[in-house]
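Residue numbers (this note's numbering), protein chains in the order written: chain A, 1 to 196; chain B, 197 to 857.
Ideal Cβ placement from N, Cα and C applies to all residues, glycine included.
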Amino acid sequence: MSIAQIRSELAQARRRPRGLQLRSWLAAGLLGLSLLLPYWRITLFAPQYPGGLRVSVYLTKVAGESSEISLLNHYIGMKPLEQAAPLERRFAVPIVLGGVLAVAASPFLGQAGLLLQAPAVLFPIGVAGDLAFWMWKFGHSLDPSAPIRIEPFMPAIIGKGAVMQFSTSAMFSWGFLFSGITALIAAYNLSRWRRR
Amino acid sequence: MKTRWIAAGALVLAVLLLAAVGGRFRGATASSAPDLEGLIKAKGLTPDQVRAAVQTFVPPGKYDDYLIFSSGGQSGQVLVFGMPSMRLLRVISVFSPESWQGYGFSEETKEILREQAEAKEALTWGDTHHPAISETNAEYDGQFLFINDKANARIAVIDLRDFSTKQIVRNPNAYSNHGAVVSPNTEYILEGTQYAAPFPFKHVPLTQENYNKSYRGLATFWKFDRTKGRIDRAASFQIELPPYWQDLADFGKFESDGWVFMNSFNTERAIGGTLEKKPAFEIGASANDVDFMHIINYKKAAELIAAGRGTAVNGIKVLSLADAIANGVLFFAPEPKSPHGNDVAPRGDYVVIGGKLDPNVTIYSVKKIQQAIKEKAYSGKDPYGVPILSFDRVMEAQVKIGLGPLHTQFDDQGNAYTSLFLDSAVAKWTLGAPYKKASEAWKLVDKLPVQYNIGHLAAVMGDTAKPGGKYLVALNKWSVDQYSNVGPLFPQNFQLIDISGEKMKLLSNTPVGLAEPHLTQIIPIDKVKSWAVYPEVGMNPLTMKVDPNATGPGKERIVRKGKTVEVWMTAMRSHFTPDRIQVRQGDTVILHITNIERAKDAIHGFAIGRYNVNLSLEPGKYESVKFVATKTGVFPFYCTEFCSALHLEMAGYLEVMPAGR
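Take a look at the structure:
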């Protein structure tokens, strides 16, 4: 692909964008937007917390009443939530922005360029896997000297769970949904590529 | 024929169905109602009592509609009740050390009790009488609460964001005071000197001659700086008054804005002497038929002070009696003797006074007062030259309501409610125009007996421009037979009264068994915007800012500098960091403790046995404590507020080693 070719593609897209381009931009936009939205939420219920304790996990941060949950977790020897996934949180912005750029630009880079959308298909799966990994790791690296000793456990990532007097309710959230739509669009785009 | 059979059949069916339904209804009442009815019958309750019980019941987890801020009398505190349940929600420590709140134990609260170091020694009690919620446009705004200490002539400022005392100021020229009332926009808090005393504050032998010549009363206008949340002494002033015993006062509003109306008694200038067979004060101070209502143009007084007419006496500017008289700042009007309440009607147009020895309430018209002042309609002058307005020229009405009228508040329907001490009753009576038509004006409407010897009363926002009606609380001094005996020190008796109808209805009794409250103010609960936790971690309750000595996790430390050991400590469930402190005998120990919690109600205490240390650390609060380690030993310190399952483990040791080892 020469620069001139890309330029003419761009000019054409500005006049009358093709379906592939529109879909890719939508996918890129949703992926970018997901950076600002929580990917996963969990609520802990116990009698002394009438409204529940809520935590939202973003790609970049843990928000909500995480300090209270970390404080409670120290009784069972679990590490503070803020210590989870340090590398992932650090590189989330460049990785996602890179993905946004790749998905948005790929329709202009010819047939092979479409392959740039492949990582977007895998992204939500990776996020879910990574979340599950950290949950497992936190639940299985409890400090043995903690005041309350419980069996290592895997917190429920979807639906209801229970730890001591707490019941938990967890679900993926808007950010995950958006990146999931991005993945589906990208997968569709790729399937079109194979048929051509 | 056929249709008739069908109709008959339908009728029978309908009757059967009705019977079945009726049976079911009866069945339903049979299964639940007898319990309730049986309960009512067993307790011998009247329908009115059942209604009152339901009306005042607040189910678990539900909130009251109103807060009552009540003086805590000799406890030196303020009490906060919920209404209509009348449950005690909080005690706010003000003039007395109080260990639950760590009040008078931390350096910050010690400083408040020491009146920001003005007094060398902290007084350890106060006699709180009259709470005053801060006002905007003559309505409660729920931001601050002021309360006086009658015993020591002090006023305290309470911030209603965290319900804690922030400042105590002592009147430098008075021994006692009465009343804390605020101006319509809380520019000033007014305090009258109850008992006349040598002026300035010094010793002058108590003889009649000296009393007349050198003893004085004062009206003290404390300037309030709302942005700082503090009284500004430098901008405050006093007006010198004759040595009568100045009592309760009220600020005018709207057409009486800029004026203050203040009661006095002992205008006879009695000086006692019971041992010498001279008349007791109660006799001497009741000899005259009338006392003097003081009518004070405080805006003019403030202008005169601003123009440099005041003289600084013990650090506060005082407008002399001569200047006050010469400049039209001070007038008197005869008032029924032994008055207490002095209450301005919601529109600022009438002043209501009850003299406890007169069966009438006397109502003064503000318009008439202003006219009489303009026309110099005087009936004479007092011995100090203060002009006395002619009673007939300023009096609007007298309503005969009963014996011992003491204090008046208002509702939203143009009615006034006056406590009757001698009758042990509350009288409801009507105001005149524009509140009521002429045919309904100035009439006694209803009287309700209360148990017993009622002092003040309070209706919802009943002393503001917008009274709320609905409820009234009678503050009875004697309970006599109302409660089970708990020894000869009887509880006070608060009685909640429904004033929403034509007739008043007694709803409930509430014993107050910790002191004698005097006045309360009642505010809708949603007007008070208080914090559940300190909004930032490390907030110093005295400055309401993050303290430079507040510390966070990982930054805790112990630093020795010469003979001073300073500790920066955090508290969170369920540990203190550090939890071991080692000092030498004779060291000065300073502990800076921050509760770094963010959860509601995650409160910690911090106590060291034998060192008289106990702090209350609410989430986000920073406080410090300083002491000299005089005793050697190993002193456990621990959290005094049950905070968590491992609360008992929230402890540590202070090791005080013998010196020179």
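CB of residue i within 8 Å of CB of residue j, strictly
i        : j        : result
A/Tyr39  : A/Ser173 : yes
B/Val755 : B/Leu787 : no
A/Phe178 : A/Leu37  : yes
B/Ser271 : B/Leu710 : yes
B/Asp446 : B/Asp554 : no
B/Lys362 : B/Arg426 : yes
B/Asn333 : B/Pro394 : no
B/Ile364 : B/Ala352 : yes
B/Ile858 : B/Met657 : Residue 858 of chain B is absent from the model: chain B starts at 197 and stops at 857.
B/Ile565 : B/Phe528 : no
B/Glu499 : B/Tyr546 : no
B/Pro530 : B/Gly550 : no
B/Gly339 : B/Leu356 : The question names Gly, but residue 339 of chain B is Gln in the sequence shown. Yes, these two residues count as a Cβ contact at 8 Å.
B/Ala767 : B/Glu335 : no
A/Ala146 : A/Gly52  : no
B/Val525 : B/Ser561 : no
B/Asn649 : B/Gln678 : no
B/Asn810 : B/Thr773 : no
B/Thr626 : B/Ala637 : yes
B/Leu653 : B/His603 : yes
B/Tyr613 : B/Leu668 : yes
Residue i, DSSP secondary structure in three states
i        : result
B/Leu850 : strand
A/Met135 : helix
B/Leu844 : helix
B/Pro532 : strand
B/Cys839 : coil
B/Lys258 : coil
B/Ala476 : coil
B/Tyr679 : coil
A/Leu177 : helix
A/Ser70  : helix
B/Trp727 : coil
A/Ile185 : helix
B/Gly394 : Residue identity differs from the one stated: residue 394 of chain B is Pro in this sequence, not Gly. If DSSP states are grouped into helix, strand and coil, B/Pro394 belongs with the strands.
A/His140 : helix
B/Leu241 : coil
B/Val525 : coil
B/Glu592 : strand
A/Arg7   : helix
B/Leu402 : coil
A/Gln12  : helix
Extent of the continuous beta strand (DSSP E) run through residue i
i        : result
A/Val57  : Tyr49 to Val57
B/Tyr574 : Tyr574 to Lys577
Residues of its chain near residue i, where Cβ-Cβ distance is below 7 Å and the 5 sequence neighbours each way are ignored
i        : result
B/Pro645 : Ser620 and Ala621
B/Ser586 : Ala568, Ala573, Tyr574 and Ser575
B/Arg505 : Leu515 and Asp519
Cβ shell of residue i (< 6 Å), same chain only, five flanking positions each side left out
i        : result
B/Val779 : Val761, Val785, Ala825 and Val852
A/Gly180 : Pro124
B/Thr416 : Asn367, Glu387 and Gln434
B/Lys673 : Asn649 and Gly651
Cβ neighbours of residue i in the same chain (closer than 8 Å, five flanking residues each side left out)
i        : result
A/Leu10  : Phe108
B/Ser281 : Thr252, Phe253, Val254 and Asp260
B/Ala328 : Leu341, Phe342, Ile343, Ala376, Val377, Val378, Ile385 and Gln717
B/Asn484 : Thr463, Glu464 and Lys533
B/Ala508 : Val514
Delimiting residues of the alpha helix (DSSP H) encompassing residue i
i        : result
B/Leu653 : From DSSP, B/Leu653 is part of no alpha helix (DSSP H) but of the beta strand (DSSP E) over Ile650 to Val656.
B/Tyr807 : First-last for B/Tyr807: undefined, no H or E at that position.
B/Lys570 : Val562 to Lys570
B/Val547 : Counting along the chain, B/Val547 falls outside any alpha helix (DSSP H), though it belongs to the beta strand (DSSP E) covering Tyr546 to Gly551.
B/Glu307 : Glu303 to Leu309
B/Asn831 : Looking at the sequence itself, residue 831 of chain B is Phe, so the reference to Asn does not match. Segment Gly829 to Tyr834 is the beta strand (DSSP E) holding B/Phe831; no alpha helix (DSSP H) there.
B/Lys494 : A small correction: the amino acid at residue 494 of chain B is Tyr; Lys does not occupy that position in the sequence shown. First-last of the alpha helix (DSSP H) with B/Tyr494: Tyr494 to Ala502.
B/Ala612 : No alpha helix (DSSP H) contains B/Ala612, which is instead part of the beta strand (DSSP E) from Asn611 to Leu616.
Just checking, does the stretch 685-701 of chain B make contact with the stretch 733-749 of chain B on the three C-beta pairs under 8 Å criterion?
Contact between the stretch 685-701 of chain B and the stretch 733-749 of chain B is absent, because fewer than three Cβ pairs lie under 8 Å.
Would you call the stretch 469-478 of chain B and the stretch 450-459 of chain B touching, i.e. three or more CB-CB distances under 8 Å?
They do not touch, by the three-pair rule.
Is the number of C-beta pairs between the stretch 54-73 of chain A and the stretch 82-101 of chain A that are closer than 8 Å three or more?
With a cut-off of 8 Å, the stretch 82-101 of chain A and the stretch 54-73 of chain A count as touching, because enough Cβ pairs lie within range.
Touch test, the stretch 273-292 of chain B against the stretch 789-798 of chain B, Cβ-Cβ under 8 Å, three pairs minimum:
By the Cβ test, the stretch 273-292 of chain B is not in contact with the stretch 789-798 of chain B, since fewer than three Cβ pairs between them sit closer than 8 Å.
Flag this pair as touching only if the stretch 93-113 of chain A and the stretch 145-165 of chain A have three or more C-beta atom pairs under 8 Å; answer yes or no.
No, the stretch 93-113 of chain A is not in contact with the stretch 145-165 of chain A.
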